[in-house]
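Residue numbers (this note's numbering): 29 to 140.
Just so you know, even glycine gets a beta-carbon here, dropped at the ideal spot from N, CA and C.
Being a predicted model, the structure only gives us computed values, none of them experimental.
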């Protein structure tokens, strides 16, 4: 389960606690594969904010089961969600998960 953004201090202001690191590691691990990172990017940039699996498979020189595996990893990490509509499955980004990752990596604002 992904918590609300702001749950973790940015890395530049203080180190992550053990529990925070353990919760965030699977999200970063899911993004550590070039295919999954590209899938996430394709889904995020798709018109309407969601993409059919049929729109994703043509972008790779991989089998459909391999694409499905990568999508499953992203879904299990909480980075994307999906819904079956008839024959096809549609995917969209889970904004709170990306906001959480961004909050950890974002530089702390420097007072002017």
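Rounded straight-line distance, which links the Cα of residue j to that of residue i
i: residue 121; j: residue 72; result: 6 Å
i: residue 125; j: residue 107; result: 6 Å
i: residue 116; j: residue 97; result: 16 Å
i: residue 81; j: residue 134; result: 31 Å
i: residue 110; j: residue 47; result: 28 Å
Expected contact under 8 Å - CB spacing of residue i and residue j to nearest Å
i: residue 52; j: residue 132; result: 6 Å
Proximity test, residue i beta-carbon vs the ligand SAH heavy atom, cut-off 7 Å
i: residue 57; result: No copy of the ligand SAH occurs in the structure displayed, which carries no ligand at all.
Burial state of residue i (16 or more Cβ within 10 Å)
i: residue 128; result: buried
i: residue 105; result: buried
i: residue 42; result: exposed
i: residue 152; result: An answer regarding residue 152 cannot be provided, because it is not within the stretch 29 to 140 covered by the chain.
i: residue 50; result: exposed
i: residue 90; result: exposed
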